[in-house]
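Student:
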Amino acid sequence: MKKYLKIVSIVVIVTLAIYPVISSVQAQQIYDPRDKNIPPIPDELKKFYNDFRQKHTPELIKFLLAGSWSSNIEKIARDFFSIGNYIIVHDTGKLQTNTSKLAEKYLNDNVIDPLKSKKSITLQTGETLKFKNLDRLNTAKLYYYYVRDHIFFPHSSKEGGVTNNIPGFNLLVSTTRERVRFPTETVATGVGACADQALLLATLLYMDGYEVAIGTAPSIGTVNEDGSITWGGYHVCVYLKDEGWGIGRHEFKEDDFGNNMDGKWIILDPINSPRHVQNMRMIGGGNVLEFGDDPAWLNIISFDDPLIGYALIDEKAAKEFSA
Numbered sequence: 366m367k368k369y370l371k372i373v374s375i376v377v378i379v380t381l382a383i384y385p386v387i388s389s390v391q392a393q394q395i396y397d398p399r400d401k402n403i404p405p406i407p408d409e410l411k412k413f414y415n416d417f418r419q420k421h422t423p424e425l426i427k428f429l430l431a432g433s434w435s436s437n438i439e440k441i442a443r444d445f446f447s448i449g450n451y452i453i454v455h456d457t458g459k460l461q462t463n464t465s466k467l468a469e470k471y472l473n474d475n476v477i478d479p480l481k482s483k484k485s486i487t488l489q490t491g492e493t494l495k496f497k498n499l500d501r502l503n504t505a506k507l508y509y510y511y512v513r514d515h516i517f518f519p520h521s522s523k524e525g526g527v528t529n530n531i532p533g534f535n536l537l538v539s540t541t542r543e544r545v546r547f548p549t550e551t552v553a554t555g556v557g558a559c560a561d562q563a564l565l566l567a568t569l570l571y572m573d574g575y576e577v578a579i580g581t582a583p584s585i586g587t588v589n590e591d592g593s594i595t596w597g598g599y600h601v602c603v604y605l606k607d608e609g610w611g612i613g614r615h616e617f618k619e620d621d622f623g624n625n626m627d628g629k630w631i632i633l634d635p636i637n638s639p640r641h642v643q644n645m646r647m648i649g650g651g652n653v654l655e656f657g658d659d660p661a662w663l664n665i666i667s668f669d670d671p672l673i674g675y676a677l678i679d680e681k682a683a684k685e686f687s688a
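Under my numbering, the residues of the sequence shown are numbered 366 to 688, in order.
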């Protein structure tokens with residue numbers, strides 16, 4: 366009997382010892398819910414996107430490599446907001462050009478229409494989130510979880526990232542080879558860094574009539590004793606206006622261009638996914654964020670800090686930018 370109890374005790378101790386390891390391994394098992402039959406984007410779009418990036422390479426490089434060493438960070442952020450605003454408005458189809466309408470059709474055919482038809486989204490956990498009806502709140506949630514769980518953050522060069530291609534670059538920022546992707550490119554590849562995911566999410570929401578802004582915050586950094594932040598690389602997220610749902614917590618007077626931002630707002634930060642959260646190097650760390658959850662970086666830095674910026678999506682500004 367004593368021998369039996371001893372064996373049982375050993376089994377219990379070993380089980381308790383390895384349980385956290387087992388749990389950790391299980392927690393890292395991620396399901397890939399992405400559609401493997403997404404068609405490539407039209408060649409006309411590819412050429413337009415590449416020509417646009419070529420034209421704005423200096424601004425994009427400054428934005429991607431921004432940090433404590435940069436001068437005039439306000440201009441760097443504003444230049445990105447102008448570029449990002451144009452990218453979003455272009456792919457919504459609202460510029461009325463041939464490429465703009467092509468992008469709109471691609472997003473409707475491959476994202477918006479299928480999501481609304483199914484009224485559900487499969488997550489990286491393998492679970493399926495279903496909605497009985499797609500009211501405004503549920504539709505916004507559907508778009509958020511699509512981007513969070515169906516667009517993978519690039520963890521290696523094989524996944525479209527450049528973090529392993531340039532020595533030391535991983536210390537600053539992770540991005541895709543295109544530097545910043547247009548929303549249709551992100552959908553077609555199923556891969557996107559923070560800016561790519563934010564621009565896609567903002568585009569889907571804006572196409573459906575939501576009031577949206579894109580925002581920036583320091584990506585990697587440390588807080589110094591005097592409260593200042595030594596940082597490198599910008600992070601990009603989305604601000605969504607609460608339409609009366611009662612979950613908006615943040616209030617702002619105006620965006621970085623002086624546009625009025627009345628009401629209450631929600632921050633959407635889709636890179637905080639089950640798959641990516643353990644790889645996040647963001648200031649403040651990372652947590653899996655459900656719709657409407659505040660990101661961890663808000664515990665470190667406040668909206669009053671000049672490193673935080675946000676800009677409403679503005680069709681008029683996009684048309685003037687392209688003129």
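For glycine and all other residues, C-beta sits at the position ideal for the given N, C-alpha and C.
1) Nearest by alpha-carbon distance to G487: which of E469, P639 and P660 is it?
2) With DSSP collapsed to three states, give me the class of A431.
3) Around the C-beta of G598, are 16 or more other C-beta atoms found within 10 angstroms, so that it is buried, or is it exposed?
4) Please report the distance separating the alpha-carbon of P519 from that of A563.
5) I'd like to check one pair, D456 with A468: are the Cβ atoms closer than 7 angstroms?
6) With distances taken between CB atoms, is the gap from C559 to I612 smaller than 7 angstroms?
7) Give a yes or no on whether the C-beta atoms belonging to L410 and T464 are separated by under 7 angstroms.
8) If you drop the 5 nearest sequence neighbours on each side, which residues of the same chain put their C-beta closer than 6 angstroms to that of K459?
9) Could you give the uninterrupted runs of the alpha helix (DSSP H) lying entirely in the segment 400-475, keeping only those of 4 residues or more?
10) So what does DSSP say about I585, is it helix, strand or coil?
11) Would I678 and I453 be called neighbours here (beta carbons separated by less than 7 angstroms)?
12) Leaving out five residues on either side along the sequence, give the residues of the same chain with a beta carbon under 8 angstroms from the beta carbon of A392.
13) For the beta strand (DSSP E) containing Y675, name the first residue and the last one.
14) Identify whether N498 lies in helix, strand or coil by the three-state DSSP scheme.
15) Which residues in the same chain have their Cβ closer than 8 angstroms to the Cβ of V670, if we skip the five residues on either side of it in sequence?
16) Mind checking whether I632 and G586 have CB atoms under 7 angstroms apart?
17) Could you spell out where the alpha helix (DSSP H) holding L480 opens and where it closes?
18) Does DSSP classify T554 as helix, strand or coil?
19) If you reduce the DSSP assignment to three classes, tell me which class V515 lands in.
20) By the DSSP assignment, the alpha helix (DSSP H) with L570 in it spans what residues?
21) Pick helix, strand or coil for N625, following the three-state DSSP scheme.
Tutor: So, from the listed chains and residues:
1) Looking at the sequence itself, residue 487 is Thr, so the reference to Gly does not match. Of the listed residues, the one whose Cα sits closest to T487 is P639.
2) coil
3) buried
4) 14 angstroms
5) yes
6) no
7) yes
8) E680
9) 408-420, 422-429, 438-456 and 463-472
10) strand
11) yes
12) Its pLDDT being 46, under 50, A392 is placed unreliably in this model, and the value from its coordinates should be taken loosely. Correct list: empty, nothing qualifies.
13) G674 to L677
14) coil
15) Here residue 670 turns out to be Asp, not Val, going by the sequence shown. Only I594 meet the Cβ criterion.
16) no
17) D478 to K483
18) helix
19) According to the sequence provided, residue 515 is His. The question's Val does not apply to it. In the structure shown, H515 sits in a helix (DSSP, three-state: H, G or I).
20) C559 to M572
21) strand
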